[in-house]
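Sequence positions in the sequence shown follow mature numbering (1 follows the signal peptide of the UniProt record, and there is no 0) and run -18 to -1, 1 to 232.
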Amino acid sequence: MLSKSLLPLPLLVLLTTASNTNYTCPHHLYSVQIFSEDPLVIYIHEFITAVEASHLQKVSEGQLESSRIADQTGKQQLATTRTSKSTSLESDPVVQCIENRALAFQGYDIPRTHLEPLQAVQYGIGENYRPHTDWFEAASQTTSEFGGNRMSSFFVYVAAEDITGGGTQFPLLDAPKDERWCGVVNCDAAWDEGVTFRPVPRNAVFWKNLKGGKGDRRTLHAGLPVTSGSKLGMNIWTRERPLDAKYRSD
């Protein structure tokens, strides 16, 4: 049942920044469509607001560095398979609002201690992330201090300026049958290319990474190369269990 995941946030939360300006975290404004039940993949329209998107662009500017991936030992390193730039986001009032929204979307029973710091990721022309999974096979990345494996993922399209390319491809998902999906899915792709979600600003894709406690290989996905313009996205990852405090943003 998905009913708990689709409930609205219960109350407006008034958050105050260090500069004494107020930011009111709104009731959610998004709408959802189930794209796949198994694996669970949900498309979310307007997951973040225009104000939040602008804020994310501002706080990530000047902070982005070459993205890294974890090897089998858990060490973070540069790799030719991931050529974007990224940065972890400090949990300021606007970011906290998005964090709380992501947690509530998943049903209220997941505490903040399961949430990794949000990650902004920017793709320029030619930059991409080749097919990968968000869940880990290496035991070094799923220890108790890391909170086990990554249970779920959101990829949020924060901004996409004059963009072509840059979609998020799930090569092992079945293409949709209804043409109404074509507004957010590239329906011109060949049937054997799986599904590619278009980079529509402020929208997001959510999926479950695990099935029966193990990584679901059908969630293999890629950030396709940007062929013109640029894309700013955001990763939101939830672990199975609490992360050690040194790995959390709160």
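Heads up, the beta-carbon is just placed ideally off N, CA and C, and yes, glycines get one too.
Query raised in the report: In the DSSP assignment, what residue or residues form a beta bridge with Val138?
Result: Ala186, Met216
Query raised in the report: Any idea which residues DSSP pairs Thr146 with across the strands?
Result: Ser210
Query raised in the report: So, is Thr201 buried or exposed, given that buried needs 16 or more other C-beta atoms within 10 angstroms?
Result: buried
Query raised in the report: Looking at the unbroken beta strand (DSSP E) that takes in Ala102, where does it start and where does it end?
Result: 101 to 105
Query - Backbone secondary structure at Thr31 - three-state DSSP - result: coil
Query raised in the report: Do you know offhand how far Ala204's Cα is from Asn191's?
Result: 14 Å
**Report entry** Counted within 10 angstroms of its Cβ, other Cβ atoms place Pro93 as buried (16 or more) or exposed
**Finding:** exposed
Query raised in the report: Would you call the CB atoms of Ile145 and Lys213 closer than 8 Å?
Result: yes
Requested in this report: Leaving out five residues on either side along the sequence, give the residues of the same chain with a beta carbon under 6 Å from the beta carbon of Phe17.
Outcome: Val23, Tyr25
Query - Same chain only: Cβ atoms within 6 Å of Ser210, ignoring 5 sequence neighbours per side - result: Thr146
Query - Straight-line Cα distance separating Arg64 from Asp226 - result: 27 Å
Query - DSSP bridge partner residues for Gln59 (one or two, in chain order) - result: Ile51
Query - CB contact flag (Ser126, Trp189, <8 Å) - result: no
Query raised in the report: With distances taken from CA atoms, which of Tyr90, Val140, Ile107 is nearest Leu38?
Result: Val140
Requested in this report: Determine the direct distance from the alpha carbon of Pro224 to that of Val177, and round the result to whole angstroms.
Outcome: 32 Å
Query raised in the report: Taking just the CA atoms, how far does Gly149 sit from Pro75?
Result: 29 Å
Query raised in the report: What is the rounded straight-line gap between the Cα of Glu143 and the Cα of His27?
Result: 18 Å
Query raised in the report: Roughly how many whole angstroms lie between the Cα atoms of Val103 and Leu206?
Result: 13 Å
Query raised in the report: What residues in its chain sit with their C-beta under 6 Å from that of Thr124, if we drop five residues either side in the sequence?
Result: Phe118, Gly130, Asn131
**Report entry** Closest residue to Pro181 among Met216, Ala61, Tyr12, Val14 (Cα-Cα distance)
**Finding:** Met216
Query raised in the report: So what does Val166 bridge to, in DSSP terms?
Result: DSSP, once it has assigned bridges, lists no residue as partnering Val166.
Query raised in the report: DSSP three-state call for Phe118: helix, strand or coil?
Result: coil
Query raised in the report: Should Ser68 be labelled buried (16 or more other beta-carbon atoms within 10 Å of its own) or exposed?
Result: buried
Query raised in the report: Quick one: what does DSSP say Arg132 is sitting in, helix, strand or coil?
Result: strand
Query raised in the report: Just curious, the beta strand (DSSP E) that Ile92 is in, first and last residue?
Result: Ile92 -> no beta strand (DSSP E), and no H or E assigned at all.
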